[in-house]
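Everything below concerns the one structure shown next.
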Ligand SMILES: Cc1ncc(C[n+]2csc(CCOP(=O)(O)OP(=O)(O)O)c2C)c(N)n1
Ligand SMILES: [Mg+2]
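In the numbering used here, the protein residues as written are 14 to 586.
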């Protein structure tokens, strides 16, 4: 297990010095503040009481109560995606950490820095195996494989904290977990530490830049696959300059951590979630160049289908690893290809019209979002199957950031909205969430109301785990009976999400027509603050469309490529 080096400082603290020093928790919070951490998302218990008490000793640290640990961890994730600096979480022993695990998993997959402070029993209490005693390190290791550490003495606690912050903030970002026994927290003699020194990431070396430039110059069809920080403006522009000069195609990974897009930025096509479609995108690519991304693989395995998606003849090169500086690497490559001054192709400003008709659909909700999207918004997309048309309708909307479900563990979107809104109080946050996904962390709404965050959540109530109906067809499960269907169906009772939101103090509306939806969204955007719009929509894929989809996907590699591309654009643009 990785952890900090043992500190010689313990021996250096005299009893007189210790008397004057703060307790462990106070020194710890001071150290976190020194390290640039300004928010702590909390769900505390008895073992964290000294940490809670110490919060008032640090006015710079905002403390935000979350009513479930998955909300706290997802909020920390959303915050760091927008600021690039970690927030802290305060979690209660192994069970609290376990409750927060799914969103820590999403953060890990997104290479997002998070510093978990997990309270534990006092060191001398552990052998008694009291009710809440559990193996916290084992729980933590899955999401913070490189930094899990249990502090043992107060005098070393802050050095441990600095090591945790350093691990979280070094490239690529990661989740670091510091376990804080109650006696280490309440003990006297804490010594606050200054911020750690974080080494700036290096760009790709000359040999790599030259090798990639050679491969591009050699001809054939090349494509970039941009992920992580390579989806921020500077990298996007550098890649687009190379594209304009050398004809390289630019793809984005399927689930970006944070992607900057909209009018005035390069339009970048994401690799499709459905593997059959991703294979169409990659079919004619001879050289795939990775920039802070992994070579694409299928989200799940399907009988008889490949997991690894580039075709056998495709050469895969890495320009820049997640530990390197993507933008600098791309800029160096652009210089090597004499593309540094090229004019990149940028998305023109264009918005879809106002959605019309009597029937509200998920597509029309996405259209209304594109129609009304304010300047500089943050879109959080956990709409699952209801968001299939979102990219298309927002491509020419005013520039915005897009946050997506990096690790596939649903329940990320509403917590992310908390963190993003706290990170960027001057920017509107629009969270598009499936009804099923919303219910994992619905308590987020209470924190959004309490902190008066500028979040408009649109929940697509299709009374279904709709995407799983698609998956049920795709995996080729036979004899789908009523018991199976019932596991994917959210009728009886249909959730009343606007009422649930009202009960948590968020102003809310249930809408059933395109006009109601558009007016509700207009109203919400005109009055910054918490809003929830419950959009009553049918599942995006049902009936014949749903039945035909697996056959259509199965036939994609047999039809001419232009036809396959056209079909892809129709289903998942
Ligand atoms: C933590 C976690 N549990 C379960 C799942 C499996 N799962 C994937 S999508 C989904 C349903 C999503 O439903 P909803 O948000 O309503 O979107 P829809 O499918 O209706 O578009 C479930 C349960 C998951 N991905 N993550
Ligand atoms: Mg649903």
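Ideal Cβ placement from N, Cα and C applies to all residues, glycine included. It should be emphasised that the depicted structure is a prediction, and the values quoted were computed from it without experimental measurement.
- In the structure shown, residue 480 adopts helical secondary structure according to DSSP, grouped into three states.
- When rounded, the separation of the alpha-carbon atoms in residue 449 and residue 97 is 29 angstroms.
- At a cut-off of 7 angstroms, the beta-carbon of residue 473 counts as near ligand 2: some heavy atom of the ligand is closer than that.
- When C-alpha distances from residue 330 are compared across 227, 348, 300 and 315, the shortest belongs to 300.
- In the DSSP assignment, the residues bridged to residue 194 are 133.
- The alpha-carbon separation between residue 254 and residue 405 amounts to approximately 23 angstroms.
- If you check the C-beta of residue 457 against ligand 1, you find no heavy atom less than 7 angstroms away.
- Non-local beta-carbon contacts of residue 173 in its own chain, meaning distances under 7 angstroms to residues more than five positions away in sequence, involve 17, 162, 164 and 191 in chain order.
- Remark: the C-beta of residue 477 is in contact range of ligand 2, defined as less than 7 angstroms to any heavy atom.
- Scanning the segment 337-417 for uninterrupted alpha helix (DSSP H) segments of 4 residues or longer gives 339-349, 375-385 and 403-407, listed from N- to C-terminal end.
- The beta carbon of residue 581 sits closer than 6 angstroms to those of 290 and 293, all from its chain and outside the five residues before and after it, given in chain order.
- Distance between residue 131 and residue 54, taken at the CA atoms: about 12 angstroms.
- In this structure, ligand 2 has no non-hydrogen atom nearer than 7 angstroms to the beta-carbon of residue 505.
- Contact between the segment 340-353 and the segment 500-517 is absent, with fewer than three C-beta pairs closer than 8 angstroms.
- In chain order, 98 and 208 place their CB closer than 7 angstroms to the CB of residue 49, counting only its own chain and leaving out the 5 sequence neighbours on each side.
- Counted as a single uninterrupted DSSP element, the beta strand (DSSP E) harbouring residue 162 occupies residues 161-163.
- Between the segment 122-129 and the segment 85-93, the count of Cβ pairs shorter than 8 angstroms is three or higher; the stretches touch.
- Straight through space, the alpha carbons of residue 323 and residue 256 are spaced by roughly 20 angstroms.
- By a beta-carbon distance limit of 8 angstroms, residue 456 contacts residue 80. Their separation comes to about 4 angstroms.
- Pairing residue 568 with residue 501, the inter-Cα distance amounts to about 27 angstroms.
- In this structure, residue 447 has its CB closer than 7 angstroms to one or more heavy atoms of ligand 2.
- Residue environment: residue 368 is assigned as buried (16 or more neighbouring CB atoms within 10 Å of its CB, all protein chains considered).
- Its Cα nearest to that of residue 63, the residue 35 stands out among 47, 51 and 35.
- Relative to the non-hydrogen atoms of ligand 1, the Cβ of residue 115 comes within a distance shorter than 7 angstroms of at least one.
- Its chain contains 274, 275, 276, 277, 278, 279, 280, 408 and 409 as the residues whose beta carbon lies nearer than 8 angstroms to that of residue 360, once the 5 sequence neighbours on both sides are disregarded; these appear in chain order.
- In this structure, the CA atom of residue 201 is about 6 angstroms from the CA atom of residue 37.
- The Cβ atoms of residue 464 and residue 511 do not sit closer than 8 angstroms to each other.
- Here residue 579 is exposed. Its C-beta has fewer than 16 other C-beta atoms within 10 Å.
- Boundaries of the alpha helix (DSSP H) around residue 516: 510-516.
- Pairing residue 559 with residue 490, the inter-Cα distance amounts to about 14 angstroms.
- Excluding its 5 nearest sequence neighbours in each direction, residue 434 has C-beta neighbours in its own chain below 7 angstroms: 442, 466, 467 and 468, listed in chain order.
- Distances from the CB of residue 293 to the heavy atoms of ligand 1 are all 7 angstroms or more.
- Residue environment analysis places residue 363 among the exposed positions, since fewer than 16 neighbouring C-beta atoms fall within 10 angstroms of its C-beta.
- In terms of side-chain proximity, the C-beta atom of residue 404 is found no nearer than 7 angstroms to any non-hydrogen atom of ligand 1.
- Around the beta carbon of residue 320, a 10 Å sphere encloses fewer than 16 other beta carbons of the protein chains shown; the residue is thus reported as exposed.
- Only exposed fits residue 561, as fewer than 16 other CB atoms lie within 10 angstroms of its CB.
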